[in-house]
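2 protein chains.
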Amino acid sequence: MFTAVSKKNLSDEIGDQIINKILSGVLSPGNKLPPERDLSLQMNVNRHTLREALRKLDTLGLLSIRQGDGIYIRDFRESGNLELLKHILYLRRDITSDIMKNILEIRRFISPEMAYRAAQNRSEEESEHLKSLLEQDLPVEEKDLAIHQSIARGSGNILYIFILNFFNNIFRDFGALYFSFKENQAASEKFHKNIVKAITEKNPESAKKIMNEILVYAENITLKYMENKYEEI
Amino acid sequence: MFTAVSKKNLSDEIGDQIINKILSGVLSPGNKLPPERDLSLQMNVNRHTLREALRKLDTLGLLSIRQGDGIYIRDFRESGNLELLKHILYLRRDITSDIMKNILEIRRFISPEMAYRAAQNRSEEESEHLKSLLEQDLPVEEKDLAIHQSIARGSGNILYIFILNFFNNIFRDFGALYFSFKENQAASEKFHKNIVKAITEKNPESAKKIMNEILVYAENITLKYMENKYEEI
DNA sequence: TTTGGTGTAATGGTTCAACCAATAATTGAA
DNA sequence: TTCAATTATTGGTTGAACCATTACACCAAA
Chain A
192 MFTAVSKKNL
202 SDEIGDQIIN
212 KILSGVLSPG
222 NKLPPERDLS
232 LQMNVNRHTL
242 REALRKLDTL
252 GLLSIRQGDG
262 IYIRDFRESG
272 NLELLKHILY
282 LRRDITSDIM
292 KNILEIRRFI
302 SPEMAYRAAQ
312 NRSEEESEHL
322 KSLLEQDLPV
332 EEKDLAIHQS
342 IARGSGNILY
352 IFILNFFNNI
362 FRDFGALYFS
372 FKENQAASEK
382 FHKNIVKAIT
392 EKNPESAKKI
402 MNEILVYAEN
412 ITLKYMENKY
422 EEI
Chain B
192 MFTAVSKKNL
202 SDEIGDQIIN
212 KILSGVLSPG
222 NKLPPERDLS
232 LQMNVNRHTL
242 REALRKLDTL
252 GLLSIRQGDG
262 IYIRDFRESG
272 NLELLKHILY
282 LRRDITSDIM
292 KNILEIRRFI
302 SPEMAYRAAQ
312 NRSEEESEHL
322 KSLLEQDLPV
332 EEKDLAIHQS
342 IARGSGNILY
352 IFILNFFNNI
362 FRDFGALYFS
372 FKENQAASEK
382 FHKNIVKAIT
392 EKNPESAKKI
402 MNEILVYAEN
412 ITLKYMENKY
422 EEI
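Sequences listed follow chains A and B, in order. Going by the numbering used here, the first sequence opens with residue 192, and the numbers climb by one from there. Going by the numbering used here, the second sequence opens with residue 192, and the numbers climb by one from there.
1) Would you decide whether A:GLU333 is buried or exposed? Buried here means 16 or more other CB atoms lie within 10 Å of its CB.
2) I want to verify the contact list: residues of chain A whose CB lies under 9 Å from the CB of B:GLU204, in sequence order.
3) Is the distance from the Cβ of B:LEU321 to the Cβ of B:SER341 below 7 Å?
4) Taking only three categories from DSSP, how would you classify B:ARG246?
5) Give me the Cα-Cα distance between B:ASN403 and B:PHE267, rounded to the nearest whole angstrom.
6) CB-CB under 6 Å to B:ALA244, same chain, minus the five flanking residues each way: which ones, in chain order?
7) Answer yes or no: does any C-beta atom of chain A fall closer than 7 Å to that of B:GLU423?
8) Are the CB atoms of B:SER397 and B:ASP335 within a distance shorter than 7 Å?
9) For B:GLY271, return the contacting residues in chain A, with the cut-off set at a CB-CB distance below 8 Å.
10) Count the other CB atoms within 10 Å of the CB of B:VAL196; is the residue buried (16 or more) or exposed (fewer)?
11) Per DSSP, A:SER255 forms a beta bridge with which residues?
12) Rounded to whole angstroms, what's the CA-CA distance from A:LEU350 to A:HIS339? Just pull it up for me.
13) Less than 8 Å between C-beta atoms, sequence neighbours within five positions excluded: which residues of the same chain meet that for B:VAL387?
14) Could you check the C-alpha separation between B:ASN375 and B:GLN327 for me, to the nearest Å?
15) Where does A:THR250 land, buried or exposed, given buried means 16+ other C-beta within 10 angstroms?
16) At the level of alpha carbons, what is the spacing between B:LYS399 and A:ASN293?
17) Residues of chain A with CB under 7 Å from B:PHE370, in chain order?
18) Measuring only between beta-carbons, confirm whether B:LYS399 sits less than 7 Å from chain A.
19) Excluding five sequence neighbours on each side, which residues of the same chain lie with their C-beta closer than 8 Å to the C-beta of B:THR194?
20) How would you write the range of the alpha helix (DSSP H) that B:GLY345 sits in, first residue to last?
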């Protein structure tokens, strides 16, 4: 019904402000940022608070901080990471829709392959875990999350786990809306049954196909929701 | 000939220490970290220095920090991101090789698809850029990087750019070694010519195949280098 | 002219001490 | 027992000072 509000601390606000300046081109790659002392004065925050923000941007691949020298803007097209993309998604509302489509496209390409590998590589243990998940009496949304995670772990490739986290992170907000409709719940429950069967039976092609089908289904609905969401704004 | 050494500041050292504790299971998901004041005392660093480390771990998806409450360990299998994987790669030398193979596997799956999309979607501008890159007199290593980036940008999907950054980041060290051999240089130059041709001519299948071939070639060599590297240690 | 040393200023890194703000736990009144 | 007020705990922010590294200008030796 209601979605959580995110309370930001000063440091995050500062960070977002700087990210925006970089993404919008006000600050270009190679540019040197003013010294921390000046910048904190300009932004009217303490140097420590600013430094925490800068450290985050550094972790996102946006800055290059060098003691004794200064702080330089990096080209995020060369050094940015997926975590940054999440920020871009939220901060640049003008291209949010385009990025979402990009993410959906990649997900439809990757997740079926993940299911394929899981059907090949899943351990007996992971197989049992999947089956037990099916029978557990959980909210569909939670069950869905858990099954996808179990598939990622069963794939035998740790990258799928982190890539899946990225997708989940992005679509978290949509999940509540999506699963509020009975027909979507039914579709997911059917999907759960089928995908678990394919994976426990070690049928890669089937697993891939089943994953692809639910993604196509969910994509259409997600896009529809997104359009409505934009109309609200 | 020589590779850059990375000097770490205190804050990063603290961060690595905590990451290690989490990865090795000394700190489990859900566990509460000691208060910042206590922790900084235990680690014999100032609270601010510690806080910068914590903020980084937060960005990596390892911690959940809540004012007035405390700092909790998150399950990195649920909230970790690719940036964290990079740290895991360096900090957990016991599984470095396995993770590398995971990364190579995913790359071989994703990059050909990226090339495919680029051949479909590349703009006239990106096409020209690719061709001009071919003729520029650059070190092979730089040219290789630039061409891959151009392909990612030409794909029309911003995610490929960030995923490519991840790969580049991981294989940066190997690049210097790889391109120090004449035969590898020759292989790459041939690859550059062919992939640019396929993409400018809008031939997706060909682009995909060509990308796959160079990856297979480079993978074998990378794995060989890795084995040697481990023998050194 | 080039190379390497020296000193100085600029700039990020770290420390200390204090207070603010949000949360959780406790207490006590209804 | 319940709920509101109070208190203690804990992360967030501020200010000032000092440390460590780097860039730069300058100089001396080759």
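From the three backbone atoms N, C-alpha and C, an ideal C-beta is built for every residue, glycine too. Note that the structure is a prediction, hence the values are computed from the model and not measured.
Result, derived from the coordinates:
1) Start at 1 with the first residue of the first sequence, and residue 333 of chain A comes out as number 142. That one is exposed.
2) Taking the first residue of the second sequence as position 1, residue 204 of chain B is located at position 13. B:GLU204 does not reach chain A, its nearest Cβ partner there being about 14 Å away, counting only Cβ pairs nearer than 9 Å.
3) If you number the second sequence from 1, residue 321 of chain B lands on position 130. If you number the second sequence from 1, residue 341 of chain B lands on position 150. In this structure, B:LEU321 sits near B:SER341, with a CB-CB distance shorter than 7 Å.
4) Against the second sequence, residue 246 of chain B aligns to sequence position 55. Residue state for B:ARG246 is assigned as helix, using DSSP reduced to three classes.
5) Within the second sequence, residue 403 of chain B is the residue found at index 212, counting from 1. Within the second sequence, residue 267 of chain B is the residue found at index 76, counting from 1. Spanning the two alpha carbons is a distance of roughly 31 Å.
6) In the second sequence, residue 244 of chain B corresponds to position 53, counting from 1. For B:ALA244, where only same-chain residues beyond five positions count, the Cβ hits under 6 Å are SER202, ILE205 and GLY206.
7) Taking the second sequence and counting its residues from 1, the one referred to as residue 423 of chain B is at position 232. Legend: pLDDT at B:GLU423 = 49, less than 50; position of this residue unreliable, no value from coordinates given.
8) If you number the second sequence from 1, residue 335 of chain B lands on position 144. If you number the second sequence from 1, residue 397 of chain B lands on position 206. It is not a contact, given that the beta carbons lie outside the stated cut-off.
9) In the second sequence, the residue the question calls residue 271 of chain B occupies position 80. Per Cβ cutoff of 8 Å: ILE352, PHE353 and ASN356.
10) Numbered from 1 along the second sequence, position 5 holds the residue referred to as residue 196 of chain B. Flag for B:VAL196 reads exposed.
11) Numbered from its first residue, the first sequence carries residue 255 of chain A at position 64. Its beta-bridge partners are A:TYR263.
12) Position 159 of the first sequence holds residue 350 of chain A. Position 148 of the first sequence holds residue 339 of chain A. When rounded, the distance between both Cα atoms is 14 Å.
13) Translated into the one-based positions of the second sequence, residue 387 of chain B becomes position 196. These residues qualify, in order along the chain: LEU321, LYS322, LEU324, LEU325 and ILE338.
14) As a first step, residue 375 of chain B is located in the second sequence; it is residue number 184 there, counting from the start. As a first step, residue 327 of chain B is located in the second sequence; it is residue number 136 there, counting from the start. Distance from the CA of B:ASN375 to the CA of B:GLN327, rounded to the nearest whole angstrom, comes to 19 Å.
15) Position 59 of the first sequence, counted from the first residue, corresponds to residue 250 of chain A. Result: buried.
16) As a position in the second sequence, residue 399 of chain B is number 208, starting the count at 1. As a position in the first sequence, residue 293 of chain A is number 102, starting the count at 1. A straight line joining the alpha-carbon of B:LYS399 with that of A:ASN293 spans about 19 Å.
17) Taking the first residue of the second sequence as position 1, residue 370 of chain B is located at position 179. Proximity of chain A to B:PHE370 at the Cβ level (cut-off 7 Å) is not reached, the minimal Cβ distance being about 18 Å.
18) For the purposes of this step, residue 399 of chain B is taken as the residue at position 208 of the second sequence. Under the 7 Å criterion on CB atoms, B:LYS399 is classed as non-interfacial with respect to chain A.
19) Mapped onto the second sequence, residue 194 of chain B falls at position 3. Cβ neighbours of B:THR194 beyond the five flanking positions: ASP364 and ALA367.
20) For the purposes of this step, residue 345 of chain B is taken as residue 154 along the second sequence, with counting starting at 1. Counting along the chain, the alpha helix (DSSP H) containing B:GLY345 begins and ends at 331 to 345.
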